[in-house]
Amino acid sequence: MVSRARGVRDFPPEAMRRRMVLENLLESKASAHGFNRVQTPIFETLDLFTAKSGPGVISQLYAFKDKGERDLTLRPELTAPVMRMIADELRMETKPLRLSYFGQCFRYEEFKTGRYREFFQYGVELIGATGPLAEAEVIALSMDMIDACGLENWYVKIGHVGVLKDILTGLGLSDELLEGQSEPATATAMRFLDKADWDGLSDFFSKNQISKDSLDLLIKLAELEGGKETLSSAREILSKLGIESTNALDELESCVNYVELLSPAIPELQINLCVARGLDYYTGMVFEVHVPALGGEGQVLGGGSYKLLHLFGLPDLDPSCGFGLGFDRIMLALEAQAEASGRAEVVPGELARPSLLAVVPFNVDPSSVLSMVAELRNAGQRVELELKGRKIGKAFSWADGIGADYVVIIGPKDLESGQASVKRLSDGEQFSVSLDSKSILEIL
RNA sequence: GCUGUGGUAGUGUAGGGGUUAGCACGGGGGAUUGUGGUUCCCCCGGCCCGGGUUCGAUUCCCGGCCACGGCCCCA
Numbered sequence: 266m267v268s269r270a271r272g273v274r275d276f277p278p279e280a281m282r283r284r285m286v287l288e289n290l291l292e293s294k295a296s297a298h299g300f301n302r303v304q305t306p307i308f309e310t311l312d313l314f315t316a317k318s319g320p321g322v323i324s325q326l327y328a329f330k331d332k333g334e335r336d337l338t339l340r341p342e343l344t345a346p347v348m349r350m351i352a353d354e355l356r357m358e359t360k361p362l363r364l365s366y367f368g369q370c371f372r373y374e375e376f377k378t379g380r381y382r383e384f385f386q387y388g389v390e391l392i393g394a395t396g397p398l399a400e401a402e403v404i405a406l407s408m409d410m411i412d413a414c415g416l417e418n419w420y421v422k423i424g425h426v427g428v429l430k431d432i433l434t435g436l437g438l439s440d441e442l443l444e445g446q447s448e449p450a451t452a453t454a455m456r457f458l459d460k461a462d463w464d465g466l467s468d469f470f471s472k473n474q475i476s477k478d479s480l481d482l483l484i485k486l487a488e489l490e491g492g493k494e495t496l497s498s499a500r501e502i503l504s505k506l507g508i509e510s511t512n513a514l515d516e517l518e519s520c521v522n523y524v525e526l527l528s529p530a531i532p533e534l535q536i537n538l539c540v541a542r543g544l545d546y547y548t549g550m551v552f553e554v555h556v557p558a559l560g561g562e563g564q565v566l567g568g569g570s571y572k573l574l575h576l577f578g579l580p581d582l583d584p585s586c587g588f589g590l591g592f593d594r595i596m597l598a599l600e601a602q603a604e605a606s607g608r609a610e611v612v613p614g615e616l617a618r619p620s621l622l623a624v625v626p627f628n629v630d631p632s633s634v635l636s637m638v639a640e641l642r643n644a645g646q647r648v649e650l651e652l653k654g655r656k657i658g659k660a661f662s663w664a665d666g667i668g669a670d671y672v673v674i675i676g677p678k679d680l681e682s683g684q685a686s687v688k689r690l691s692d693g694e695q696f697s698v699s700l701d702s703k704s705i706l707e708i709l
């Protein structure tokens with residue numbers, strides 16, 4: 266037996282139908298917010314991703330050489346390819362650009378529930394506009410999407426990397442990469458903050474002659490969590506720390522205010538000034554959506570404002586803002602929730618579709634029913650034709666097996682009388698109607 | 001990178017050092033040459049792979065592979 270490669274999945278018809286409904290749901294929201302779908306190649310040149318993420322990423326890529334010895338790789342994410350496309354194709358377009366995308370990405374790493382070697386990401390980028398309003402637009406779209414999925418028990422974490430950067434540089438740490446360092450001092454400190462590693466941060470601060478008082482205040486700031494009221498607590502701490510610049514906090518506050526107006530249903534908004542997202546290209550607002558019920562892999566969406574376009578020769582488009590949505594994780598969360606509540610419908614709207622008609626030419630030349638089949642299909646019905654010449658009893662079993670709503674039998678007697686026997690499987694009621702698509706459609 | 005549990009027809013399972021490896025669903029056919037989702041009969045189809053212990057291993061041991069979890073990481 267040849268089996269599936271490790272870490273990848275098949276999607277049989279039922280799973281695939283559900284996924285397509287979810288994708289369409291996301292797409293309709295993106296479209297309503299003015300975002301336009303794009304698509305980039307499954308593989309790219311290797312340097313695209315090393316440019317964005319450094320040479321360290323290679324170990325987690327499906328990288329290969331083509332027959333011309335070019336270094337290529339399956340894409341591990343979609344942001345960099347979209348940036349590349351903007352540089353290659355969209356320089357002349359009116360800004361800002363609102364782009365959305367969906368597709369599979371590949372990472373060579375251990376897989377778990379919600380984490381596969383081939384996984385699917387939906388994402389959007391708002392390119393060429395920056396600031397609280399642009400950020401709020403992006404967050405509002407993400408909220409709209411999550412809400413439309415029917416997801417329950419989720420929360421949003423919003424932060425702004427500028428707040429910590431202001432504080433850390435205000436305390437005397439450098440955000441420049443100095444000789445002999447692998448990263449700027451501010452980045453080191455932010456890693457400690459992100460992980461809530463207070464001992465590590467304490468050591469690091471004492472090496473840099475930063476006072477214990479500052480450390481304590483910073484920890485207090487990092488542990489702030491809650492709604493908008495958190496912002497005024499943060500302001501107090503900043504002034505105690507002697508930080509004068511409150512630009513980042515002001516921006517975050519405007520952004521949150523805009524989001525509240527733009528977004529219909531934010532279940533729980535958590536302001537957390539330590540959301541660092543582990544990435545140094547984020548420059549402003551950062552946000553994440555979490556579903557606690559998923560456990561370890563509970564982050565289903567993440568994004569923020571970033572500077573990446575300078576890597577593609579478009580520094581004037583920095584910073585931009587976007588997010589990526591873990592399609593597989595959203596699906597897992599929805600399935601778990603449907604299971605828990607005994608709900609048959611996992612993705613909203615997945616059960617709504619046209620009736621399925623099983624058309625059974627019984628002991629007659631199939632030619633006599635084919636044009637009617639075509640008409641029914643053109644009228645928007647789903648029509649499946651019995652192809653194996655089954656006898657009546659088997660034909661019904663077959664129709665039942667494929668989930669048909671109606672069985673249309675056309676046998677010799679029917680042809681003779683110009684009738685068709687239409688049986689509704691849900692209650693067994695049977696109708697005799699004249700043998701044409703119009704009459705059949707009338708009784709459905 | 002570390003680590004826990006498990007692997008028996010397509011699916012879900014029972015069993016267990018010598019069995020014809022049992023059951024259910026599924027699929028195919030028949031009872032039934034024009035009525036399904038109820039019933040009856042028949043058929044299809046399985047012990048993850050390799051090595052070891054043994055007269056004999058699907059069962060016990062070791063390794064691998066695969067699956068499912070928990071950490072680390074996650075552009």
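Using our numbering, read the first sequence as starting at 266 and increasing by one per residue. The beta-carbon is built from N, C-alpha and C at its ideal position, and this holds for glycine as well. Since the model is a prediction, treat every value here as computed from it, not as a measurement.
Contact under 8 Å by Cβ, residue i with residue j
i	j	result
Cys520	Ala487	no
Gly435	Ile508	yes
Tyr547	Tyr523	no
Gly291	Met410	The sequence as given places Leu at residue 291; Gly does not occur at that position. Going by C-beta atoms, Leu291 is nearer than 8 Å to Met410.
Asp593	Met637	no
Val551	Val426	yes
Thr305	Val273	no
Val634	Arg642	no
Gly589	Gln369	no
Pro591	Gly569	Note that residue 591 is Gly in the sequence shown, not Pro. Taking 8 Å as the Cβ cut-off, Gly591 and Gly569 do not qualify as a contacting pair.
Ala295	Leu406	yes
Phe314	Pro278	no
Leu311	Leu287	no
Gly388	Leu339	no
Gly424	Asn537	yes
Cys586	Ala399	yes
Ile657	Leu416	no
Lys260	Ala345	The question about residue 260 has no answer here: the residues shown for the chain are numbered 266 through 709.
Arg655	Tyr671	no
Ala452	Asp583	no
Ser365	Arg282	no
Buried versus exposed, by CB contacts within 10 Å (16 or more), residue i
i	result
Ala669	buried
Phe276	exposed
Val421	buried
Lys653	exposed
Pro532	exposed
Met455	buried
Glu553	buried
Glu615	buried
Gln695	exposed
Ser528	buried
Gln446	exposed
Glu693	Correcting the residue identity first, residue 693 is Gly in this sequence and not Glu. So Gly693 counts as exposed.
Lys659	exposed
Lys493	exposed
Asp468	exposed
Supposed contact pair residue j and residue i - C-beta distance, whole angstroms, cut 8 Å
i	j	result
Leu482	Leu506	5 Å
Val428	Ala513	4 Å
Leu566	Leu597	13 Å between Cβ atoms; not a contact.
Leu489	Glu518	Not confirmed; about 14 Å, so no contact.
Gly676	Val629	6 Å
Arg382	Phe577	No, Arg382 and Phe577 are not in contact; Cβ-Cβ is about 27 Å, not under 8 Å.
Ser620	Leu709	6 Å
Cys414	Val687	With a Cβ gap of about 37 Å, Cys414 and Val687 do not count as contacting.
Ala603	Glu610	7 Å
Glu516	Gly396	7 Å
Ser510	Asp431	5 Å
Given residue i as reference, the closest of the options once Cα atoms are compared
i	options	result
Leu534	Val556, Asp545, Asp515	Val556
Glu562	Met350, Gly379, Ser497, Gly319	Gly379
Ala664	Val286, Lys317, Leu650	Leu650
Pro580	Ala450, Ala660, Gly393, Thr495	Gly393
Ile705	Gly683, Leu398, Ser691	Gly683
Glu256	His298, Asn289, Ala413	This structure gives no information on residue 256, because the portion of the chain shown stretches from 266 to 709.
Asn473	Ala450, Lys493, Asp459	Ala450
Leu622	Arg655, Ile674, Ser606, Pro631	Ile674
Arg363	Asp464, Phe300, Leu582	Phe300
Asn289	Phe367, Asp331, Lys493, Ala644	Phe367
Phe308	Phe371, Gly658, Ala605, Phe457	Phe371
Leu574	Pro631, Ala660, Asp545, Ala352	Ala352
Ala644	Glu707, Ala452, Pro626, Tyr671	Glu707
Lys678	Phe469, Thr453, Asp462, Val698	Val698
Leu503	Ser471, Asp459, Leu433	Leu433
* To do: Mind the definition here: the stretch 323 to 331 touches the stretch 349 to 366 only if three or more C-beta pairs lie below 8 Å; say whether that holds.
  => In short, these stretches do not touch, since the Cβ pair count stays below three.
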